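Just add 5 to wherever you are in the sequence shown, counting from 1, and you've got the numbering used here.
C-beta atoms are modelled at their ideal positions from N, C-alpha and C, and glycine is treated no differently.
The model shown is predicted, which means the values in this text are computed figures rather than measured ones.
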Amino acid sequence: MKKLIGVITIIFIVLFVTIVVLNIWKIQIVNLDTIIRSNATLFVLGIAIVILLVIYGGFFRKADQVYNNKIGNRAHPKQ
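Next comes the structure, spelled out in structure tokens:
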């Protein structure tokens, strides 16, 4: 997971530096309006994913199938 986050971070840094360098040379492949809209879209998708994960964990995951409640006073993982 750390490597994935690191790779994504490096990609974002390289993209940002590329956009800054292109802006210095007055080359506009993307404009600020497009960047703002795409970031807003990614933010909304991220919030939706978090909400769906919380709903899945709260309602659809069956914790009683993972642990054996009949052994001792504590729940033990099923073997």
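- Which value, in whole angstroms, describes the spacing of the CA atoms of residue 9 and residue 16? Rounded to the nearest angstrom, the two C-alpha atoms are 11 Å apart.
- Would you please state the rounded distance, in angstroms, between the beta carbons of residue 12 and residue 24? I believe it to be under 8 Å. That belief does not hold up - the Cβ atoms of residue 12 and residue 24 are roughly 19 Å apart, past 8 Å.
- Compute the Euclidean distance between the alpha carbons of residue 6 and residue 56, then round it to the nearest angstrom. Each residue's Cα considered, the two are about 20 Å apart.
- How many Å lie between residue 38 and residue 44 at the Cα? Each residue's alpha carbon lies about 10 Å from the other.
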